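With the numbering used here as the guide, the letters of the sequence shown map in order to residues 40 to 302.
Built from N, CA and C at the ideal position, the CB exists for glycine as well.
In this text, all values refer to a predicted model and were calculated from it rather than measured experimentally.
Below you'll find the structure, written out as structure tokens, and then a few comments.
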Amino acid sequence: MKRLPAASLLLIATVAAGFLLLPVLVLLLQGLAAGSEGSPADPALPQALALSLVTTGISMLLVLVFGTPLAWVLARWHFPFRRLVSILLQLPLVLPPAVAGLALLLTLGRRGLLGSVLDSLHLDIAFTATAVVLAQVFVAAPFYLRAAQAGFANVPAEIEAAARVDGATGLALFVKISLPLSLRALGAGLTLAWARALGEFGATILFAGSLQGRTQTMPLLVYNALERNLDTAIQTGLVLVVLALCVLLLANRLRAPDASAFI
Numbered sequence: 040m041k042r043l044p045a046a047s048l049l050l051i052a053t054v055a056a057g058f059l060l061l062p063v064l065v066l067l068l069q070g071l072a073a074g075s076e077g078s079p080a081d082p083a084l085p086q087a088l089a090l091s092l093v094t095t096g097i098s099m100l101l102v103l104v105f106g107t108p109l110a111w112v113l114a115r116w117h118f119p120f121r122r123l124v125s126i127l128l129q130l131p132l133v134l135p136p137a138v139a140g141l142a143l144l145l146t147l148g149r150r151g152l153l154g155s156v157l158d159s160l161h162l163d164i165a166f167t168a169t170a171v172v173l174a175q176v177f178v179a180a181p182f183y184l185r186a187a188q189a190g191f192a193n194v195p196a197e198i199e200a201a202a203r204v205d206g207a208t209g210l211a212l213f214v215k216i217s218l219p220l221s222l223r224a225l226g227a228g229l230t231l232a233w234a235r236a237l238g239e240f241g242a243t244i245l246f247a248g249s250l251q252g253r254t255q256t257m258p259l260l261v262y263n264a265l266e267r268n269l270d271t272a273i274q275t276g277l278v279l280v281v282l283a284l285c286v287l288l289l290a291n292r293l294r295a296p297d298a299s300a301f302i
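Structure below.
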């Protein structure tokens, strides 16, 4: 009788694991089968792959440059409503992607809040590659901010105090102490942010559209290809799965550098 609860839990765990893993496995097998049959490659696939890699590279650079100081301020400075600000900055994590795209469009679109300002500067952002980058930054930055903020918060206060005694203040304290001691957390956060940016769909299609060769990233290609070429959708999905797996392995490695992290 005592073994029954354990067996039941094992069965439930097996069903749950199967539900999460089986669809991915089917996609992998279908993708490999489509590739082995020698089906002609859709020219939209390399275009979408190149656009995804370029835009996510730019968006991660922006996240790194602007997100790192912001995370440090949130972790080390004490100011009124700091917790509220931190929570609000994480809001894109839980916003439906379509709502995120709508918010960007209402802010930066031609008829948006800043539309007239951008128009006076002869800047047209919506439905361009720039919109793709901004959508990726908006939805992915909170992943980096959370990890970076935690990394900076975990820097021992004693080390910073000792550095201050030696005369380190401000930028020197950040560059020589806080940043080096938080590199693993920053790296893990950046890899997860990149994965989120690579898989971004809802905000991108609303704010940037799905124009082949211009704004059509890989997730958008999967959606569009379902109506005309299932093999292209499967092959694109296979590439995304492989990239996502590599990102997860890298993030796990950064968090737990010992070799037993995957066992």
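Does DSSP put E266 in a helix, in a strand, or in coil?
-> coil
If you compare alpha carbons, which of L101, A242, I164, L231 is closest to R292?
-> L231
I think L141 touches T256, with their Cβ atoms under 8 Å apart; what is that distance to the nearest whole Å?
-> Contact flag wrong, Cβ pair sits at about 18 Å.
Do the region 117-127 and the region 91-100 meet, that is, are 3 or more Cβ pairs less than 8 Å apart?
-> no
L127 in three-state terms, based on DSSP = L127 falls in the helix class under three-state DSSP.
Got a sec, what are the start and stop residues for the alpha helix (DSSP H) G190 sits in?
-> 168-192
Along the chain, where does the alpha helix (DSSP H) that runs through T208 open and close?
-> No alpha helix (DSSP H) holds T208; DSSP gives it neither H nor E.
Residue range of the alpha helix (DSSP H) that D163 falls in?
-> Per DSSP, D163 belongs to no alpha helix (DSSP H) and is neither H nor E.
Less than 8 Å between the CB atoms is what I'm expecting for L212 and A202, so what's the real figure, rounded?
-> 6 Å
Which of the three DSSP states, helix, strand or coil, is assigned to E197?
-> helix
Is it the case that the Cβ atoms of A137 and L245 are separated by a distance below 8 Å?
-> Taking 8 Å as the Cβ cut-off, A137 and L245 qualify as a contacting pair.
Nonlocal neighbours in the same chain, by C-beta distance under 7 Å from G39, ignoring five residues either side = Past the edges of the chain, shown from 40 to 302, lies residue 39, and the structure says nothing about it.
Are the beta-carbon atoms of G252 and Y183 separated by less than 8 Å?
-> Taking 8 Å as the Cβ cut-off, G252 and Y183 do not qualify as a contacting pair.
Given Q188, which residues of its chain have a CB within under 6 Å of its CB, disregarding the five upstream and five downstream residues?
-> Cβ within range, chain order: A110, L113, A114.
Take P258 as the anchor and find which of Q86, Q69, L279 has the nearest alpha-carbon.
-> Comparing Cα-Cα distances from P258 to each of Q86, Q69, L279, the minimum goes to L279.
Euclidean distance between Cα positions of V54 and N193 | 38 Å
Is it true that the CB of Q175 sits closer than 8 Å to the CB of T107?
-> It is not a contact, given that the beta carbons lie outside the stated cut-off.
Have a look at P135 and L68 and give me their C-alpha separation to the nearest angstrom.
-> C-alpha of P135 to C-alpha of L68: approximately 30 Å in a straight line.
Note the first and the last residue of the continuous alpha helix (DSSP H) segment covering V112.
-> 83-115
Limits of the unbroken alpha helix (DSSP H) element including F246 | 241-246
From F105 to R150, what distance separates their C-alpha atoms?
-> Just so you know, the alpha carbons of F105 and R150 end up roughly 27 Å apart.
State the Cα-Cα distance for the pair A236 and Q86, rounded to the nearest angstrom.
-> 17 Å
With G228 as the anchor, note down where its alpha helix (DSSP H) starts and where it stops.
-> Its alpha helix (DSSP H) spans residues 222-237.
Can you tell which of A56, L64, P44 has the C-alpha that lies nearest to the C-alpha of L277?
-> L64
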